[in-house]
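In this note's numbering, the protein residues as written are 26 to 477.
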(Lines of atoms letter the chains of each structure in order from A; the text may use other names.)
(Lines give C-alpha, C1' and ligand atoms only; values in the text may rest on other atoms or scores of the structure.)
Protein backbone atom coordinates (compact mmCIF):
# COMPACT_ATOMS: atom_id res chain seq x y z
CA UNK A 26 0.00 0.00 0.00
CA UNK A 27 1.34 3.41 -0.92
CA UNK A 28 0.82 6.51 1.18
CA UNK A 29 0.50 10.10 0.08
CA UNK A 30 1.70 12.91 2.33
CA UNK A 31 0.40 16.39 1.57
CA UNK A 32 2.04 19.34 3.30
CA UNK A 33 -0.31 22.36 3.30
CA UNK A 34 2.57 24.84 3.01
CA UNK A 35 4.08 22.95 0.07
CA UNK A 36 0.72 22.82 -1.72
CA UNK A 37 0.14 26.53 -1.19
CA UNK A 38 3.68 27.32 -2.37
CA UNK A 39 3.08 25.23 -5.49
CA UNK A 40 -0.09 27.17 -6.18
CA UNK A 41 1.84 30.45 -5.90
CA UNK A 42 4.53 29.15 -8.28
CA UNK A 43 1.91 28.02 -10.78
CA UNK A 44 0.27 31.43 -10.62
CA UNK A 45 3.66 33.03 -11.39
CA UNK A 46 4.16 30.76 -14.40
CA UNK A 47 0.75 31.74 -15.71
CA UNK A 48 1.57 35.43 -15.37
CA UNK A 49 4.83 34.99 -17.31
CA UNK A 50 3.06 33.16 -20.14
CA UNK A 51 0.42 35.89 -20.34
CA UNK A 52 3.10 38.57 -20.68
CA UNK A 53 4.85 36.63 -23.46
CA UNK A 54 1.59 36.11 -25.34
CA UNK A 55 0.74 39.79 -25.05
CA UNK A 56 4.13 40.81 -26.48
CA UNK A 57 3.81 38.34 -29.37
CA UNK A 58 0.25 39.29 -30.24
CA UNK A 59 1.12 42.46 -32.16
CA UNK A 60 3.71 40.72 -34.37
CA UNK A 61 1.77 37.48 -34.99
CA UNK A 62 -1.88 38.48 -35.40
CA UNK A 63 -1.39 41.30 -37.92
CA UNK A 64 1.51 40.18 -40.19
CA UNK A 65 2.41 42.64 -42.93
CA UNK A 66 2.79 41.37 -46.51
CA UNK A 67 6.36 41.14 -47.83
CA UNK A 68 5.31 42.71 -51.14
CA UNK A 69 2.32 44.25 -52.82
CA UNK A 70 1.40 41.17 -54.86
CA UNK A 71 -1.53 38.88 -54.06
CA UNK A 72 0.62 35.90 -53.11
CA UNK A 73 2.46 37.86 -50.43
CA UNK A 74 -0.84 39.19 -49.07
CA UNK A 75 -2.30 35.67 -48.93
CA UNK A 76 0.77 34.31 -47.12
CA UNK A 77 0.59 37.16 -44.58
CA UNK A 78 -3.11 36.51 -44.03
CA UNK A 79 -2.43 32.81 -43.36
CA UNK A 80 0.24 33.61 -40.78
CA UNK A 81 -1.99 36.26 -39.17
CA UNK A 82 -4.85 33.76 -38.96
CA UNK A 83 -2.56 31.24 -37.25
CA UNK A 84 -1.49 33.95 -34.80
CA UNK A 85 -5.09 34.81 -33.96
CA UNK A 86 -5.94 31.13 -33.47
CA UNK A 87 -2.97 30.79 -31.15
CA UNK A 88 -4.15 33.75 -29.06
CA UNK A 89 -7.66 32.23 -28.82
CA UNK A 90 -6.32 28.86 -27.67
CA UNK A 91 -3.89 30.62 -25.34
CA UNK A 92 -6.74 32.53 -23.67
CA UNK A 93 -8.64 29.27 -23.11
CA UNK A 94 -5.55 27.62 -21.65
CA UNK A 95 -5.00 30.64 -19.40
CA UNK A 96 -8.54 30.30 -18.04
CA UNK A 97 -7.93 26.59 -17.42
CA UNK A 98 -4.64 27.47 -15.72
CA UNK A 99 -6.44 29.95 -13.44
CA UNK A 100 -8.95 27.28 -12.43
CA UNK A 101 -6.11 24.87 -11.73
CA UNK A 102 -4.36 27.44 -9.52
CA UNK A 103 -7.60 28.17 -7.65
CA UNK A 104 -8.28 24.48 -7.06
CA UNK A 105 -4.71 23.90 -5.93
CA UNK A 106 -4.88 26.83 -3.50
CA UNK A 107 -8.27 25.63 -2.22
CA UNK A 108 -6.84 22.16 -1.66
CA UNK A 109 -3.97 23.64 0.32
CA UNK A 110 -6.40 25.65 2.42
CA UNK A 111 -8.53 22.56 3.02
CA UNK A 112 -5.47 20.59 4.17
CA UNK A 113 -4.51 23.44 6.49
CA UNK A 114 -8.04 23.67 7.92
CA UNK A 115 -8.15 19.92 8.46
CA UNK A 116 -4.85 19.99 10.32
CA UNK A 117 -6.02 22.92 12.45
CA UNK A 118 -9.27 21.09 13.22
CA UNK A 119 -7.33 18.00 14.23
CA UNK A 120 -5.14 20.05 16.55
CA UNK A 121 -8.21 21.78 18.01
CA UNK A 122 -10.02 18.49 18.55
CA UNK A 123 -6.93 16.98 20.17
CA UNK A 124 -6.69 19.97 22.50
CA UNK A 125 -10.39 19.73 23.37
CA UNK A 126 -10.04 16.03 24.07
CA UNK A 127 -7.23 16.79 26.54
CA UNK A 128 -9.27 19.52 28.22
CA UNK A 129 -12.46 17.46 28.40
CA UNK A 130 -10.90 14.18 29.51
CA UNK A 131 -10.91 14.85 33.31
CA UNK A 132 -14.54 16.06 33.53
CA UNK A 133 -15.69 13.41 31.07
CA UNK A 134 -14.15 10.69 33.22
CA UNK A 135 -15.38 12.08 36.55
CA UNK A 136 -18.78 13.50 35.62
CA UNK A 137 -19.54 12.00 32.23
CA UNK A 138 -19.76 15.47 30.75
CA UNK A 139 -17.29 17.55 28.74
CA UNK A 140 -15.96 20.90 29.87
CA UNK A 141 -16.37 22.51 26.43
CA UNK A 142 -18.58 21.29 23.60
CA UNK A 143 -22.14 20.74 22.48
CA UNK A 144 -24.16 17.80 23.70
CA UNK A 145 -25.11 15.06 21.27
CA UNK A 146 -28.65 14.89 19.92
CA UNK A 147 -30.89 12.17 21.25
CA UNK A 148 -31.98 9.35 18.98
CA UNK A 149 -35.08 7.17 18.79
CA UNK A 150 -35.08 3.79 20.53
CA UNK A 151 -38.09 1.49 20.40
CA UNK A 152 -40.34 4.30 19.16
CA UNK A 153 -39.40 6.62 22.02
CA UNK A 154 -37.29 9.74 21.75
CA UNK A 155 -34.16 9.78 23.88
CA UNK A 156 -32.98 12.86 25.79
CA UNK A 157 -30.33 15.11 24.33
CA UNK A 158 -26.95 15.07 26.02
CA UNK A 159 -25.97 18.02 28.23
CA UNK A 160 -23.65 20.68 26.90
CA UNK A 161 -20.21 21.39 28.30
CA UNK A 162 -19.89 22.48 31.91
CA UNK A 163 -18.19 25.69 30.86
CA UNK A 164 -19.48 26.29 27.35
CA UNK A 165 -21.79 24.40 25.01
CA UNK A 166 -25.38 23.91 23.93
CA UNK A 167 -27.51 21.00 25.02
CA UNK A 168 -28.38 18.37 22.45
CA UNK A 169 -31.80 18.16 20.84
CA UNK A 170 -34.19 15.56 22.18
CA UNK A 171 -35.02 12.68 19.89
CA UNK A 172 -38.37 12.42 18.12
CA UNK A 173 -40.78 9.69 19.13
CA UNK A 174 -42.61 7.59 16.57
CA UNK A 175 -45.00 5.52 18.67
CA UNK A 176 -48.47 6.72 19.72
CA UNK A 177 -48.65 8.39 23.15
CA UNK A 178 -44.85 8.35 23.30
CA UNK A 179 -43.33 11.51 24.74
CA UNK A 180 -40.56 13.17 22.79
CA UNK A 181 -37.09 13.24 24.27
CA UNK A 182 -36.18 16.16 26.50
CA UNK A 183 -33.62 18.66 25.31
CA UNK A 184 -30.24 18.57 26.99
CA UNK A 185 -29.30 21.30 29.49
CA UNK A 186 -26.51 23.78 28.91
CA UNK A 187 -23.72 24.40 31.41
CA UNK A 188 -22.47 27.84 32.37
CA UNK A 189 -22.89 29.44 28.93
CA UNK A 190 -25.06 27.99 26.19
CA UNK A 191 -28.58 27.34 25.02
CA UNK A 192 -30.71 24.42 26.07
CA UNK A 193 -31.57 21.80 23.49
CA UNK A 194 -34.97 21.64 21.84
CA UNK A 195 -37.41 18.99 22.95
CA UNK A 196 -38.26 16.20 20.54
CA UNK A 197 -41.56 15.66 18.78
CA UNK A 198 -44.19 13.48 20.41
CA UNK A 199 -45.19 10.30 18.65
CA UNK A 200 -48.09 10.28 16.20
CA UNK A 201 -51.28 8.34 16.76
CA UNK A 202 -52.31 5.42 14.58
CA UNK A 203 -55.44 3.39 13.85
CA UNK A 204 -55.15 1.35 17.06
CA UNK A 205 -54.11 4.18 19.39
CA UNK A 206 -55.18 7.45 17.77
CA UNK A 207 -53.65 9.83 20.32
CA UNK A 208 -50.51 11.83 19.76
CA UNK A 209 -47.75 11.96 22.34
CA UNK A 210 -46.56 14.96 24.32
CA UNK A 211 -43.59 16.90 23.04
CA UNK A 212 -40.37 16.80 24.99
CA UNK A 213 -39.38 19.51 27.46
CA UNK A 214 -36.81 22.02 26.28
CA UNK A 215 -33.43 21.99 27.99
CA UNK A 216 -32.47 24.64 30.52
CA UNK A 217 -30.24 27.48 29.40
CA UNK A 218 -26.82 28.27 30.80
CA UNK A 219 -26.48 29.33 34.42
CA UNK A 220 -24.82 32.57 33.43
CA UNK A 221 -26.05 33.18 29.89
CA UNK A 222 -28.22 31.29 27.46
CA UNK A 223 -31.76 30.69 26.30
CA UNK A 224 -33.93 27.81 27.33
CA UNK A 225 -34.67 25.32 24.59
CA UNK A 226 -38.09 25.27 22.93
CA UNK A 227 -40.45 22.50 23.86
CA UNK A 228 -41.10 19.83 21.30
CA UNK A 229 -44.30 19.81 19.24
CA UNK A 230 -47.02 17.41 20.20
CA UNK A 231 -47.58 14.39 18.00
CA UNK A 232 -50.28 14.32 15.36
CA UNK A 233 -53.47 12.53 16.33
CA UNK A 234 -54.83 9.56 14.40
CA UNK A 235 -58.37 9.02 13.15
CA UNK A 236 -60.68 10.61 15.71
CA UNK A 237 -57.90 11.10 18.25
CA UNK A 238 -56.47 14.25 19.75
CA UNK A 239 -53.06 15.63 18.99
CA UNK A 240 -50.51 15.60 21.79
CA UNK A 241 -49.69 18.51 24.03
CA UNK A 242 -46.67 20.58 23.17
CA UNK A 243 -43.72 20.26 25.50
CA UNK A 244 -42.88 22.92 28.05
CA UNK A 245 -40.12 25.33 27.17
CA UNK A 246 -36.82 25.16 28.97
CA UNK A 247 -36.02 27.67 31.70
CA UNK A 248 -33.39 30.38 31.45
CA UNK A 249 -31.48 31.28 34.61
CA UNK A 250 -29.63 34.58 34.92
CA UNK A 251 -29.60 36.11 31.43
CA UNK A 252 -31.61 34.64 28.59
CA UNK A 253 -35.06 34.04 27.20
CA UNK A 254 -37.22 31.22 28.41
CA UNK A 255 -37.91 28.59 25.80
CA UNK A 256 -41.17 28.67 23.89
CA UNK A 257 -43.57 25.87 24.60
CA UNK A 258 -44.07 23.43 21.76
CA UNK A 259 -47.04 23.76 19.46
CA UNK A 260 -49.86 21.35 20.18
CA UNK A 261 -50.21 18.43 17.82
CA UNK A 262 -52.67 18.65 14.97
CA UNK A 263 -55.36 16.19 14.06
CA UNK A 264 -54.59 14.99 10.58
CA UNK A 265 -58.01 13.47 9.88
CA UNK A 266 -61.67 14.37 9.91
CA UNK A 267 -62.33 14.28 13.65
CA UNK A 268 -60.30 15.04 16.74
CA UNK A 269 -59.11 17.87 18.92
CA UNK A 270 -55.91 19.77 18.47
CA UNK A 271 -53.40 19.46 21.28
CA UNK A 272 -52.78 22.19 23.82
CA UNK A 273 -49.68 24.27 23.39
CA UNK A 274 -46.96 23.89 25.98
CA UNK A 275 -46.37 26.64 28.51
CA UNK A 276 -43.43 28.92 27.97
CA UNK A 277 -40.68 28.82 30.55
CA UNK A 278 -39.66 31.72 32.78
CA UNK A 279 -37.05 34.07 31.40
CA UNK A 280 -33.76 34.85 33.07
CA UNK A 281 -33.84 36.23 36.61
CA UNK A 282 -31.78 39.22 35.52
CA UNK A 283 -32.86 39.66 31.92
CA UNK A 284 -34.94 37.82 29.36
CA UNK A 285 -38.57 37.23 28.42
CA UNK A 286 -40.51 34.02 28.75
CA UNK A 287 -42.11 32.24 25.80
CA UNK A 288 -45.27 30.38 24.88
CA UNK A 289 -46.50 27.76 22.44
CA UNK A 290 -49.54 27.90 20.18
CA UNK A 291 -52.43 25.49 20.44
CA UNK A 292 -52.96 23.00 17.65
CA UNK A 293 -55.85 23.29 15.21
CA UNK A 294 -58.71 20.83 15.40
CA UNK A 295 -59.74 18.27 12.82
CA UNK A 296 -60.85 19.36 9.38
CA UNK A 297 -64.46 18.24 10.01
CA UNK A 298 -64.96 17.74 13.75
CA UNK A 299 -62.81 18.81 16.65
CA UNK A 300 -61.97 21.69 18.93
CA UNK A 301 -58.87 23.81 18.71
CA UNK A 302 -56.27 23.35 21.42
CA UNK A 303 -55.63 25.94 24.10
CA UNK A 304 -52.69 28.25 23.66
CA UNK A 305 -49.83 27.97 26.10
CA UNK A 306 -49.30 30.56 28.80
CA UNK A 307 -46.40 32.98 28.75
CA UNK A 308 -43.51 32.49 31.13
CA UNK A 309 -42.50 34.81 33.96
CA UNK A 310 -40.03 37.57 33.12
CA UNK A 311 -38.76 40.22 35.52
CA UNK A 312 -38.19 42.70 32.68
CA UNK A 313 -40.78 41.32 30.26
CA UNK A 314 -43.15 38.42 30.68
CA UNK A 315 -43.74 36.11 27.77
CA UNK A 316 -46.83 36.60 25.65
CA UNK A 317 -49.56 34.01 25.79
CA UNK A 318 -50.13 32.04 22.61
CA UNK A 319 -53.26 32.07 20.48
CA UNK A 320 -55.73 29.24 20.71
CA UNK A 321 -56.07 26.83 17.82
CA UNK A 322 -58.79 27.08 15.19
CA UNK A 323 -61.59 24.57 14.85
CA UNK A 324 -62.32 22.88 11.54
CA UNK A 325 -65.84 22.60 10.17
CA UNK A 326 -67.58 21.77 13.48
CA UNK A 327 -66.06 22.69 16.83
CA UNK A 328 -65.04 25.44 19.22
CA UNK A 329 -61.89 27.49 19.04
CA UNK A 330 -59.24 26.99 21.69
CA UNK A 331 -58.72 29.43 24.54
CA UNK A 332 -55.83 31.85 24.34
CA UNK A 333 -52.97 31.50 26.76
CA UNK A 334 -52.47 33.88 29.67
CA UNK A 335 -49.70 36.43 29.53
CA UNK A 336 -46.73 35.80 31.77
CA UNK A 337 -46.10 37.84 34.90
CA UNK A 338 -44.08 40.83 33.82
CA UNK A 339 -46.71 42.46 31.62
CA UNK A 340 -46.99 39.72 29.04
CA UNK A 341 -49.86 40.14 26.60
CA UNK A 342 -52.41 37.35 26.47
CA UNK A 343 -53.21 35.22 23.45
CA UNK A 344 -56.41 35.51 21.47
CA UNK A 345 -59.01 32.78 21.35
CA UNK A 346 -59.18 30.62 18.25
CA UNK A 347 -61.91 30.87 15.65
CA UNK A 348 -64.91 28.60 15.80
CA UNK A 349 -65.85 26.07 13.15
CA UNK A 350 -66.81 27.04 9.63
CA UNK A 351 -70.28 25.54 10.13
CA UNK A 352 -70.84 25.46 13.88
CA UNK A 353 -68.82 26.45 16.90
CA UNK A 354 -68.03 29.27 19.26
CA UNK A 355 -64.85 31.28 19.39
CA UNK A 356 -62.36 30.58 22.14
CA UNK A 357 -61.95 32.81 25.16
CA UNK A 358 -59.05 35.23 25.25
CA UNK A 359 -56.40 34.82 27.91
CA UNK A 360 -55.79 37.15 30.83
CA UNK A 361 -52.95 39.64 30.64
CA UNK A 362 -49.96 39.18 32.90
CA UNK A 363 -49.54 41.30 36.02
CA UNK A 364 -46.71 43.78 36.26
CA UNK A 365 -43.53 43.34 38.26
CA UNK A 366 -41.28 45.70 40.20
CA UNK A 367 -39.27 46.26 37.00
CA UNK A 368 -41.94 46.00 34.33
CA UNK A 369 -44.76 47.69 36.22
CA UNK A 370 -47.39 47.76 33.46
CA UNK A 371 -50.02 45.07 33.29
CA UNK A 372 -50.37 43.15 30.04
CA UNK A 373 -53.30 43.44 27.65
CA UNK A 374 -56.00 40.83 27.75
CA UNK A 375 -56.50 38.60 24.74
CA UNK A 376 -59.34 39.10 22.29
CA UNK A 377 -62.10 36.56 22.13
CA UNK A 378 -62.17 34.35 19.08
CA UNK A 379 -64.75 35.01 16.39
CA UNK A 380 -67.51 32.58 15.53
CA UNK A 381 -67.09 32.61 11.76
CA UNK A 382 -69.62 29.89 10.90
CA UNK A 383 -73.41 29.87 10.77
CA UNK A 384 -74.13 29.19 14.45
CA UNK A 385 -72.01 30.00 17.46
CA UNK A 386 -71.18 32.62 20.06
CA UNK A 387 -68.15 34.83 19.99
CA UNK A 388 -65.53 34.16 22.62
CA UNK A 389 -65.29 36.25 25.76
CA UNK A 390 -62.22 38.42 25.99
CA UNK A 391 -59.61 38.20 28.72
CA UNK A 392 -59.09 40.82 31.38
CA UNK A 393 -56.05 43.06 31.50
CA UNK A 394 -53.27 42.41 33.95
CA UNK A 395 -52.85 44.51 37.07
CA UNK A 396 -50.08 47.05 37.44
CA UNK A 397 -47.48 46.19 40.05
CA UNK A 398 -48.83 47.02 43.53
CA UNK A 399 -50.44 50.24 42.41
CA UNK A 400 -47.24 51.61 40.87
CA UNK A 401 -48.05 51.00 37.21
CA UNK A 402 -51.00 51.22 34.84
CA UNK A 403 -53.26 48.26 34.37
CA UNK A 404 -53.58 46.50 31.06
CA UNK A 405 -56.57 46.98 28.81
CA UNK A 406 -59.12 44.24 28.49
CA UNK A 407 -59.45 42.45 25.17
CA UNK A 408 -62.33 42.83 22.73
CA UNK A 409 -65.04 40.21 22.58
CA UNK A 410 -65.36 38.01 19.52
CA UNK A 411 -68.16 38.50 17.02
CA UNK A 412 -71.07 36.08 16.83
CA UNK A 413 -71.79 33.72 13.96
CA UNK A 414 -73.34 34.87 10.69
CA UNK A 415 -76.81 33.42 11.33
CA UNK A 416 -77.26 32.89 15.06
CA UNK A 417 -74.92 33.80 17.86
CA UNK A 418 -74.15 36.34 20.56
CA UNK A 419 -71.10 38.53 20.66
CA UNK A 420 -68.53 37.81 23.33
CA UNK A 421 -68.10 40.06 26.35
CA UNK A 422 -65.22 42.49 26.45
CA UNK A 423 -62.56 41.96 29.07
CA UNK A 424 -62.26 44.09 32.17
CA UNK A 425 -59.32 46.41 32.58
CA UNK A 426 -56.57 45.64 35.03
CA UNK A 427 -56.09 47.49 38.31
CA UNK A 428 -53.56 50.32 38.22
CA UNK A 429 -52.73 53.80 39.45
CA UNK A 430 -55.81 56.05 39.25
CA UNK A 431 -56.59 57.48 36.78
CA UNK A 432 -54.55 55.17 34.57
CA UNK A 433 -56.26 51.91 35.31
CA UNK A 434 -56.92 49.54 32.46
CA UNK A 435 -59.69 50.27 29.99
CA UNK A 436 -62.42 47.75 29.39
CA UNK A 437 -62.58 45.96 26.06
CA UNK A 438 -65.32 46.32 23.50
CA UNK A 439 -68.09 43.76 23.37
CA UNK A 440 -68.39 41.62 20.27
CA UNK A 441 -71.08 42.26 17.68
CA UNK A 442 -73.91 39.92 16.79
CA UNK A 443 -74.59 39.46 13.09
CA UNK A 444 -78.15 38.48 12.09
CA UNK A 445 -79.74 37.10 15.28
CA UNK A 446 -78.21 37.51 18.70
CA UNK A 447 -77.27 39.86 21.49
CA UNK A 448 -74.24 42.07 21.46
CA UNK A 449 -71.56 41.35 24.01
CA UNK A 450 -71.25 43.48 27.12
CA UNK A 451 -68.41 45.97 27.23
CA UNK A 452 -65.69 45.37 29.76
CA UNK A 453 -65.50 47.46 32.91
CA UNK A 454 -62.75 50.00 33.30
CA UNK A 455 -60.84 49.89 36.58
CA UNK A 456 -59.25 52.71 38.60
CA UNK A 457 -60.22 55.43 36.19
CA UNK A 458 -59.97 53.40 33.00
CA UNK A 459 -62.79 53.88 30.50
CA UNK A 460 -65.39 51.20 30.06
CA UNK A 461 -65.73 49.38 26.79
CA UNK A 462 -68.61 49.89 24.40
CA UNK A 463 -71.21 47.17 24.15
CA UNK A 464 -71.44 45.16 20.97
CA UNK A 465 -74.13 45.67 18.37
CA UNK A 466 -77.21 43.48 18.44
CA UNK A 467 -78.39 41.31 15.58
CA UNK A 468 -79.68 43.09 12.51
CA UNK A 469 -82.81 40.93 12.41
CA UNK A 470 -83.34 40.18 16.09
CA UNK A 471 -81.35 41.08 19.15
CA UNK A 472 -80.22 43.83 21.47
CA UNK A 473 -76.94 45.69 21.85
CA UNK A 474 -74.75 44.81 24.78
CA UNK A 475 -74.45 47.14 27.78
CA UNK A 476 -71.48 49.45 28.04
CA UNK A 477 -68.87 48.73 30.65
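For each residue, glycine too, the CB sits at the ideal point set by N, CA and C.
For residue 462, the closest of 421, 347 and 143 by C-alpha to C-alpha distance is 421. Around the beta-carbon of residue 357, 16 or more other beta-carbon atoms lie within 10 Å, marking it buried.
The beta-carbon separation of residue 384 and residue 355, rounded to 12 Å, does not stay under the 8 Å limit for a contact. Comparing C-alpha distances from residue 339 to each of 319, 312, 326 and 346 shows the shortest one belongs to 312. With contacts defined as CB atoms closer than 8 Å, residue 157 and residue 167 qualify as a contacting pair. Considering only 449, 142, 351 and 363, the residue with the shortest C-alpha distance to residue 376 is 449. For the 8 Å CB-CB criterion, residue 362 and residue 346 do not form a contact. With contacts defined by Cβ atoms closer than 8 Å, residue 460 and residue 440 do not form a contacting pair.
Here residue 453 has 424, 436, 460 and 477 as same chain residues with Cβ atoms under 6 Å from its own Cβ, once five neighbours each way along the sequence are excluded.
Sequence-distant partners of residue 184 (beyond 5 residues in either direction) whose C-beta falls short of 6 Å from its own C-beta, in its chain, are 144, 157, 158, 159, 167, 168, 193 and 215. The beta carbon of residue 240 is closer than 6 Å to those of 198, 208, 209, 210, 230, 231, 261 and 271 in its chain, skipping five residues each way along the sequence. Counting every other CB atom within 10 Å of its CB across the protein chains shown gives residue 176 a total of 16 or more, marking it as buried. Short of 7 Å from the beta carbon of residue 153, and not among the five residues preceding or following it, lie these beta carbons of its own chain, in chain order: 173, 175 and 178. Look at residue 89 here: in three-state DSSP terms it is helix.
Taking C-beta separations shorter than 6 Å and ignoring five residues to either side along the sequence, the partners of residue 456 in its chain run 427, 428, 430 and 433, following chain order. The criterion of a C-beta distance shorter than 8 Å is not satisfied by residue 404 and residue 438. Using a 10 angstroms sphere on the CB of residue 204, the tally of other CB atoms stays under 16, which defines it as exposed. With 16 or more neighbouring CB atoms inside 10 Å of its own CB, residue 140 falls in the buried class.
Residue state for residue 149 is assigned as strand, using DSSP reduced to three classes. Secondary structure of residue 207 (DSSP, three-state): coil. Taking residue 348 as reference, the option from 368, 325, 212 and 393 with the minimal CA-CA separation is 325. For residue 221, the pairing in a beta bridge is given by DSSP as 189 and 251. Each of 367, 414 and 415 was checked against the Cα of residue 396, and the nearest Cα belongs to 367. About 3 Å separates the CB atoms of residue 390 and residue 407; that is less than 8 Å, so the two are in contact. Ranking 364, 382, 400 and 329 by CA distance to the CA of residue 315 puts 364 first.
The C-alpha of residue 472 lies about 50 Å from the C-alpha of residue 252. Annotation: residue 188 to residue 147 spans about 21 Å, alpha carbon to alpha carbon.
Its Cα nearest to that of residue 369, the residue 337 stands out among 337, 388 and 190.
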